[in-house]
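Following: one structure in structure tokens, then a few remarks.
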Amino acid sequence: MRSWKAAILAGVVAFAAAGTTYAADIKIGFIVKQPEEPWFQDEWKFADQAATEKGFTLVKIGAEDGEKVMSAIDNLAAQGAQGFIVCTPDVKLGPGIVAKAMANDLKLMTVDDRLVGADGNALEDVVHMGISATKIGETVGQALADEIKKRGWDMKNVGAIRVSYDQLPTAVDRVEGAIAALKAAGFPAENIYDAPQAKTDTEAALNAATTVLNKHADVKHWIAFGLNDEAVLGAVRATESVGISADNVIGVGIGGAESAINEFKKPTPTGFFGTVIISPKRHGYETAMNMYEWVANDKEPEKLTLTAGALAVRGDYDAVRKDLGIE
Ligand code: GLA
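Residue 131 in this note's numbering sits at position 49 of the sequence shown, with consecutive numbering throughout.
Laid out in structure tokens, this is it:
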């Protein structure tokens, strides 16, 4: 009799356990393409906050190339993860990433850089959170145009460095947004020079921008824009290295993480005039929360979320960050 009761009780307990996913059993991966970049450090920091709050395990992995992404996914599955969020080093890996996630029975969400298929179109079935790239680019272009006018420069005598990384759709949308706003403000299209960067870091942007500056040594005033703060910082460093003074340079980036803040903290203003601050909190905390809800409570996130940004300059970045809830 006693053993009978015990057996039934054990069965009830097992049944109850099978119906609930305990937070402590949940493991979520967060893979990023450039772990050294402050933006991604911040994303991880905010994702960690979600993990602490809910009690799940967050596994952070840096994957700078396709091979590393693929082995990271296998690794997560081997560790018993249920899902992962990824900012891939190459969006063309899209179909491969989707296939690997499915083969390993892992839920998949992307952040920042949206996966594309063989035809170059976005994989719309994959849950994604990115920035409103065109709109944010337009904010950059408008800020540049406003500052050109404020300084009283004649647009005919201004050169623009378009630091580009055209294999990444969000990068194209950002710079094209900036160009659209500049043109609408009367900026001459023929004064915009392309500076393709080999990688999305400051050094690659510096090299690309230096080539443009050397080719157009007669230009007096310069503006610069690109995919992120690192791209614009590279262009600003390039102007410095060829001896153009800071008051002849206006760079406006996108990001607002440590790379930009360190620049604003310098005692003397540099050519890095401003940045459109975007939210690593939304991209880190919210994506991790969404994945948690998906795994724990079967609540599938919205397929597409696009986040906003706000312009900040030397004097007001602290206030803008606070307004965006990033501190
Ligand atoms: C891309 C860029 C990052 C950052 C994010 C924001 O991934 O490489 O620097 O701007 O977009 O979504």
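Heads up, the beta-carbon is just placed ideally off N, CA and C, and yes, glycines get one too.
List in chain order: all unbroken beta strand (DSSP E) runs of 3+ residues lying wholly within the stretch 104-174. The qualifying runs are 109-114, 139-144, 165-169.
Roughly how many whole angstroms lie between the Cα atoms of A96 and W376? Position 14 of the sequence shown, counting from 1, holds the residue named residue 96. Position 294 of the sequence shown, counting from 1, holds the residue named residue 376. Low confidence applies to A96: its pLDDT is 46, below 50, so where it sits in the model is not reliable enough to give any reading.
Near N239, which residues of its chain fall below 8 Å by C-beta distance, leaving aside the five closest residues on each side in sequence? Residue 239 sits at position 157 when you count from the first residue of the sequence shown. Only residues of its own chain outside the window of five on either side were considered, and among them V301, K302, H303 have a CB closer than 8 Å to the CB of N239, listed in chain order.
Taking the continuous beta strand (DSSP E) assigned at D276, which residues delimit it? For this step, residue 276 is matched to residue 194 along the sequence shown. First-last of the beta strand (DSSP E) with D276: 274-278.
Between which residues of its own chain and L406 is the CB-CB distance below 7 Å, once the five residues before and five after are set aside? For the purposes of this step, residue 406 is identified with residue 324 of the sequence shown, where counting begins at 1. In chain order, I359, S361, A392 place their CB closer than 7 Å to the CB of L406, counting only its own chain and leaving out the 5 sequence neighbours on each side.
Tell me the DSSP secondary structure of H298 in three-state form. Walking along the sequence shown from the start, residue 298 turns up at place 216. Coil, per DSSP.
Is any heavy atom of the ligand GLA found at a distance shorter than 7 Å from the C-beta of N310? Reading the sequence shown from its first residue, position 228 is the one you call residue 310. Yes - the ligand GLA has a heavy atom lying nearer than 7 Å to the Cβ of N310.
State the DSSP-derived secondary structure class of A394, mapped to helix, strand or coil. Position 312 of the sequence shown holds residue 394. Of the three classes helix, strand and coil, the one that applies to A394 here is strand, per DSSP.
Does the contact criterion of 3 or more C-beta pairs under 8 Å hold for the stretch 168-186 versus the stretch 140-148? Yes, they touch.
Run the CB neighbour count on P120, radius 10 Å, all protein chains shown included, and call it buried at 16 or more, exposed below. Translated into the one-based positions of the sequence shown, residue 120 becomes position 38. Classified as buried, P120 has 16 or more neighbouring CB atoms from the shown chains inside 10 Å of its CB.
Within the continuous beta strand (DSSP E) that includes S246, where are the two ends? Residue numbering aside, residue 246 sits at position 164 when the sequence shown is read from its first letter. Here the beta strand (DSSP E) through S246 covers 240-246.
Buried or exposed: K347, going by 16 or more other Cβ atoms within 10 Å of its Cβ? On the sequence shown, position 265 is the one that residue 347 refers to. By the neighbour-count rule (16 or more Cβ atoms within 10 Å), K347 is not buried but exposed.
Let me know if T282 comes out buried or exposed under the rule of 16 or more other beta-carbons within 10 Å of its beta-carbon. Residue mapping note: residue 282 aligns to position 200 of the sequence shown, counting from 1. By the beta-carbon neighbour count (other beta carbons within 10 angstroms, threshold 16), T282 is buried.
Please report the residue range of the alpha helix (DSSP H) in which K404 lies. Your numbering for residue 404 matches position 322 in the sequence shown. Where K404 is concerned, the enclosing alpha helix (DSSP H) starts and stops at 399-405.
Tell me whether H365 counts as near the ligand GLA, meaning its Cβ is closer than 7 Å to at least one heavy atom of that ligand. One-based indexing of the sequence shown puts residue 365 at position 283. Indeed, a heavy atom of the ligand GLA lies less than 7 Å from the Cβ.
Could you give the DSSP three-state label for F346: helix, strand or coil? The residue you call residue 346 lines up with position 264 of the sequence shown. In the structure shown, F346 sits in a helix (DSSP, three-state: H, G or I).
Where the alpha helix (DSSP H) containing A378 begins and where it ends: Stepping through the sequence shown from its first residue, residue 378 is reached at position 296. Its alpha helix (DSSP H) spans residues 369-379.
Beta-carbon proximity of I305 to R256, cut-off 8 Å: Residue numbering aside, residue 305 sits at position 223 when the sequence shown is read from its first letter. Residue numbering aside, residue 256 sits at position 174 when the sequence shown is read from its first letter. No, the Cβ-Cβ distance between I305 and R256 is not below 8 Å.
Are the stretch 308-319 and the stretch 287-295 in contact at 8 Å, needing three or more beta carbon pairs? Contact between the stretch 308-319 and the stretch 287-295 is present, because at least three Cβ pairs lie under 8 Å.
Using C-beta distances below 7 Å, list every residue in its chain close to K174, excluding the 5 sequence neighbours before and after it, in chain order. Counting from one through the sequence shown, the residue named residue 174 turns up at place 92. The beta carbon of K174 lies closer than 7 Å to those of V198 in the same chain, with the five residues before and after it left out.
Is it buried or exposed, N296, if we count other Cβ atoms within 10 angstroms and call 16 or more buried? One-based indexing of the sequence shown puts residue 296 at position 214. So N296 counts as exposed.
On a Cα-Cα basis, can you pick out the residue from D187, D207, P270 that is closest to I155? Within the sequence shown, residue 155 is the residue found at index 73, counting from 1. A check of alpha carbon separations from I155 across D187, D207, P270 identifies D187 as the nearest.
Nearest-angstrom Cα distance between A313 and V334? As a first step, residue 313 is located in the sequence shown; it is residue number 231 there, counting from the start. As a first step, residue 334 is located in the sequence shown; it is residue number 252 there, counting from the start. Per the coordinates, the alpha-carbon of A313 lies some 10 Å from the alpha-carbon of V334.
Per DSSP, what kind of secondary structure is G268 in: helix, strand or coil? Position 186 of the sequence shown, counted from the first residue, corresponds to residue 268. Looking at G268 - three-state DSSP - the assignment turns out to be coil, as it is neither helix nor strand.
The ligand GLA heavy atoms versus the CB of T387: any closer than 7 Å? As a first step, residue 387 must be located in the sequence shown, where it is residue number 305. No.
For A159, which residues of its own chain have a beta-carbon under 8 Å away from its beta-carbon, when the five flanking residues on both sides are left out? Counted from its first residue, the sequence shown places residue 159 at position 77. Sequence-distant Cβ neighbours of A159 in its own chain, meaning closer than 8 Å and more than five residues away, are N186, D187, L188.
Using 8 Å as the Cβ pair cut-off and three pairs as the minimum, do the stretch 365-376 and the stretch 215-228 touch? The stretch 365-376 and the stretch 215-228 do not touch, with fewer than 3 CB-CB distances between them shorter than 8 Å.
So, is Q116 buried or exposed, given that buried needs 16 or more other C-beta atoms within 10 angstroms? In the sequence shown, counting from the first residue as 1, residue 116 sits at position 34. Residue burial annotation: Q116 is buried, with at least 16 other C-beta atoms found within 10 angstroms of its C-beta.
For G268, count neighbouring C-beta atoms within 10 Å of its own C-beta (all shown protein chains included) and say buried if the count is 16 or more, exposed if not. If you number the sequence shown from 1, residue 268 lands on position 186. With fewer than 16 other Cβ atoms within 10 Å, it is exposed.
Should A401 be labelled buried (16 or more other beta-carbon atoms within 10 Å of its own) or exposed? Residue numbering aside, residue 401 sits at position 319 when the sequence shown is read from its first letter. Around the Cβ of A401, a 10 Å sphere holds fewer than 16 other Cβ atoms; the residue is exposed.
Is M184 buried or exposed, if buried means 16 or more other CB atoms sit within 10 Å of its CB? Along the sequence shown, one-based indexing puts residue 184 at 102. Residue burial is scored here from C-beta neighbours: M184 has fewer than 16 other C-beta atoms within 10 angstroms and is therefore classed as exposed.
Can you tell me whether A129 is buried or exposed, with buried defined as 16 or more other CB within 10 angstroms of its CB? On the sequence shown, residue 129 is found 47 positions in, with the first residue counted as 1. With 16 or more Cβ atoms within 10 Å of its Cβ, A129 is classed as buried.
For I305, the three-state DSSP class (helix, strand or coil): To locate residue 305, count along the sequence shown from 1; it is residue 223. Secondary structure at I305: strand, using DSSP grouped into helix, strand and coil.
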